[in-house]
């Protein structure tokens, strides 16, 4: 179902002041090497990004944010980004395109996201303030994230009344990995992907679902359901928590 059809069917209750639009990123991501970029499914996924402007009009939103991977502004994908920008201008919006890194908001991960901030005429475009980096707070490292998780696990062990920490499982099969995906305790992590292939910095294994979730800034009691593969996908597909919070704050303060 098209976004505009869904919104029309749900009537006037769908109106809002601001919204965030996240279209599928698989076809724009350089990490997804198995994609056939000429397939009908790939073109359909990419085309969903073009629903951003129609959705903004139907919702009568004052502000909209399109979020996707940085690959959307690389050839040949930049065609879709250009078309979105042209449609925003045609429909009387102004906009700003920015590239963000999750580590700049306190997430222990160097994960990039491209955002298009669009607003109606005479409505101010949100300003997203970075909090970590040169001249700001130091970047949060993998070691810091794992220490927080370890302290929580110790607290649960000492207190039998506390519920156990969920998703402490991982794949015991040897998986091929890229040296770029070996984590380092004194640095933010590389991008956590759906396959759960990031390699633990001190142990001969891939990171656990819960460790991946800690790098994505999920609280330790947040539970992921489904198969192990599904759990890794849920973690890997998410926008890092602190970066997402910064986006939401900028919208609420606009």
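Numbering (my numbering), first residue to last: 843 to 1096.
All residues carry an ideal CB built from backbone N, CA and C; glycine is no exception.
Buried or exposed by the 16-neighbour rule on C-beta atoms within 10 Å, applied to residue i
i: residue 1086; result: buried
i: residue 953; result: buried
i: residue 893; result: buried
i: residue 850; result: exposed
i: residue 930; result: buried
i: residue 1058; result: buried
i: residue 909; result: buried
i: residue 919; result: buried
i: residue 1014; result: Low confidence applies here, because residue 1014 scores a pLDDT of 49, under 50, leaving its location unreliable and the question unanswered by this model.
i: residue 1084; result: buried
Cross-strand partners of residue i (DSSP beta bridge)
i: residue 910; result: 956
i: residue 962; result: 935
i: residue 813; result: Because residue 813 is not part of the residues shown, which for the chain are 843 to 1096, the question remains open.
i: residue 941; result: 956
i: residue 951; result: 1031
Nearest-angstrom beta carbon gap, residue j and residue i [assumed within contact, 8 Å]
i: residue 1065; j: residue 1008; result: 4 Å
i: residue 1029; j: residue 983; result: 6 Å
i: residue 1093; j: residue 907; result: 7 Å
i: residue 973; j: residue 934; result: Contact doesn't hold; Cβ gap of about 33 Å is too wide.
i: residue 922; j: residue 891; result: 5 Å
i: residue 1081; j: residue 955; result: 7 Å
i: residue 888; j: residue 869; result: 5 Å
i: residue 1067; j: residue 1043; result: So it is not a contact: roughly 28 Å between Cβ atoms.
i: residue 903; j: residue 860; result: 6 Å
i: residue 985; j: residue 1050; result: About 16 Å; that fails the 8 Å criterion.
i: residue 991; j: residue 897; result: So it is not a contact: roughly 37 Å between Cβ atoms.
Test item: CB-CB of residue i and residue j under 8 Å
i: residue 937; j: residue 959; result: yes
i: residue 885; j: residue 858; result: no
i: residue 867; j: residue 895; result: no
i: residue 1056; j: residue 946; result: no
i: residue 951; j: residue 1048; result: no
i: residue 1040; j: residue 1023; result: yes
i: residue 961; j: residue 905; result: yes
i: residue 928; j: residue 1089; result: no
i: residue 1036; j: residue 1074; result: yes
i: residue 996; j: residue 1096; result: no
heavy atom of the ligand ZN below 7 Å from residue i C-beta
i: residue 1075; result: Among the components modelled here there is no ligand, and therefore nothing to report on the ligand ZN.
Ignoring anything shorter than 4 residues, give me the alpha helix (DSSP H) runs that lie fully in the stretch 999-1079, in order along the chain.
Within the stretch 999-1079, complete alpha helix (DSSP H) segments of at least 4 residues are found at 1051-1057 and 1070-1079, given in chain order.
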